[in-house]
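Heads up: the structure comes next, in structure tokens.
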Amino acid sequence: MKKVCYWCSTYIGETDGNHGSEILHSMCDDCARRLRLDEKLPELLWSIVTLRGQNGGMEQNQTLGALTTAQYKT
6 MKKVCYWCST YIGETDGNHG SEILHSMCDD CARRLRLDEK LPELLWSIVT
56 LRGQNGGMEQ NQTLGALTTA QYKT
């Protein structure tokens, strides 16, 4: 059975078993990383807006951005 990413339709591989269809939809690693980032986006934006009110906040914004996005860089 063919595994395909539900979000981007990328071919992921083959899997054993019969799931009632020729294609099993799953999620590729790239879409999983983007989804995790999208879930964090509101928190990131709120943090940036909050920091902008504190002495300009540019340095804090850059630090926060580097810390929060480091896990998504490959």
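In the working numbering, each residue's number is its place in the sequence shown (first place is 1) plus 5.
Even for Gly, the Cβ is constructed at its ideal location relative to N, Cα and C.
In the DSSP assignment, L29 forms a beta bridge with K8. Judged by DSSP secondary structure, G18 falls within the beta strand (DSSP E) whose first and last residues are Y16 to E19. DSSP places C36 within a helical segment (H, G or I) once states are collapsed to three.
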